[in-house]
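A quick write-up on the structure given underneath.
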Ligand code: CP
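Numbering (my numbering), first residue to last: 5 to 312.
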């Protein structure tokens with residue numbers, strides 16, 4: 005794997021290999037960080053975030069550091085981007101400094117693909133591009149579910165919320181489909197793309213009862229007001245009532261349903277405040293898996309997988 009641009013480019017064996025090593029790294033991370041071998045010793049990893057991030061940026065930086073890489077953080081607001089330098093020229097300049105990996109987040113869908121195409125040597129990792137893909141998020145979600153259920157085939161995933169602007173939804177649908185799983189989708193009609201079936205194998209729920217009936221994991225998504233130029237939901241109160249998860253909605257359900265959220269969570273909008281860190285929530289597990297999966301992603305940039 006030279007770059008990580010999107011889940012759509014990965015084979016099942018590449019995904020399986022990333023998850024397998026991710027699980028090993030997760031064990032080491034939780035038990036004894038000093039047992040992690042410095043497989044990226046001598047490599048330089050640049051963390052280049054043109055959009056805000058807590059989880060993705062910090063976990064990639066921790067992942068690269070634990071593997072022995074030198075980590076450099078790019079701050080756009082004190083860079084020559086402020087003097088009008090383009091993203092491509094910025095990366096060409098950084099490539100000339102012999103940086104090995106650039107982890108990039110941008111609001112521009114397709115930017116990581118264009119940079120990977122136009123640069124010669126540097127390896128590009130997409131840390132989220134606009135509403136297009138967030139591959140490392142889908143991989144960490146898959147690892148979290150695989151650890152919980154033992155096998156992704158046992159997961160019945162429903163994604164609820166702002167599907168239209170969500171790179172997380174796209175990448176998760178693509179990944180689950182590769183393993184033969186359909187994904188249930190539910191959200192305000194204004195936030196479910198009319199052509200959602202073109203992304204992959206999805207079932208669209210008409211109400212929350214259908215979601216509860218189908219799912220053993222419900223992934224709630226944040227309303228991404230930063231990508232919306234008009235109001236797509238009447239009010240946050242109404243959003244919580246119809247699309248938010250609460251203990252009340254799960255009360256009549258006999259099976260166990262776990263909740264996930266890529267974060268950051270709008271408390272009492274997508275997820276009732278008392279559920280965010282409850283025993284039904286995998287939200288912090290996702291964060292822990294995030295460091296492990298990103299270590300595995302960085303490792304796989306320099307080491308090929310079987311059959312790839
Ligand atoms: N899930 C996610 O991408 O979170 P951050 O924006 O904090 O990186």
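Ideal Cβ placement from N, Cα and C applies to all residues, glycine included.
For residue 57, the Cβ falls inside the 8 Å cut-off from some heavy atom of the ligand CP. Look at residue 61: its beta carbon is less than 8 Å from one of the heavy atoms in the ligand CP. With contact defined as three or more Cβ pairs closer than 8 Å, the segment 258-271 and the segment 214-225 are in contact. In this structure the segment 160-174 lies against the segment 133-145, because at least three pairs of beta carbons, one per stretch, are closer than 8 Å. Residue 164 and residue 96 have their C-alpha atoms roughly 39 Å apart.
Check the Cα spacing between residue 278 and each of 178, 289, 258 and 251: the tightest is with 251. Distance from the C-beta of residue 138 to the nearest heavy atom of the ligand CP is below 8 Å. Between residue 131 and residue 61, the C-beta spacing is below 9 Å. Within the DSSP bridge table, the entry for residue 108 names 52 and 130 as partners.
Rounded to whole angstroms, the separation of the alpha carbons of residue 127 and residue 106 is 6 Å. At a Cβ-Cβ threshold of 9 Å, residue 129 and residue 302 count as neighbours. Of all alpha-carbon atoms in 135, 69 and 18, the one lying nearest the alpha-carbon of residue 41 is that of 69. By the 16-neighbour rule on beta-carbons within 10 angstroms, residue 101 is exposed. Residues of the same chain with a CB within less than 6 Å of the CB of residue 133, apart from the 5 flanking positions on each side, are 110, 113, 115 and 116 in chain order. The ligand CP approaches residue 266 closely enough that one of its heavy atoms is under 8 Å from the residue's Cβ.
Between the alpha carbons of residue 46 and residue 38 lies a distance of about 18 Å.
For residue 86, the Cβ stays outside the 8 Å cut-off from all heavy atoms of the ligand CP. By the CB criterion at 9 Å, residue 297 and residue 66 fall outside the cutoff.
Its chain contains 161, 162, 163, 176, 177, 180, 181, 204, 205, 206 and 207 as the residues whose beta carbon lies nearer than 8 Å to that of residue 187, once the 5 sequence neighbours on both sides are disregarded; these appear in chain order.
Under the three-state reduction of DSSP, residue 153 is assigned to helix. Relative to the ligand CP, even the nearest heavy atom lies 8 Å or more away from the CB of residue 134. Less than 9 Å separates the beta-carbon of residue 275 from that of residue 248. Around the C-beta of residue 16, fewer than 16 other C-beta atoms lie within 10 Å, and the residue is accordingly described as exposed. Scanning the segment 21-101 for uninterrupted alpha helix (DSSP H) segments of 4 residues or longer gives 59-70 and 91-100, listed from N- to C-terminal end.
With a 10 Å radius around the Cβ and a threshold of 16 neighbouring Cβ atoms, residue 201 comes out exposed.
The shortest C-alpha to C-alpha distance from residue 48 to any of 183, 72 and 148 is the one to 72. Secondary structure note for residue 161: its beta strand (DSSP E) is the uninterrupted segment 161-164. Note: residue 285 is bridge-paired with 263 in the DSSP secondary-structure output.
Taking C-beta atoms under 8 Å as the contact rule, residue 122 and residue 92 qualify, at a distance of about 6 Å.
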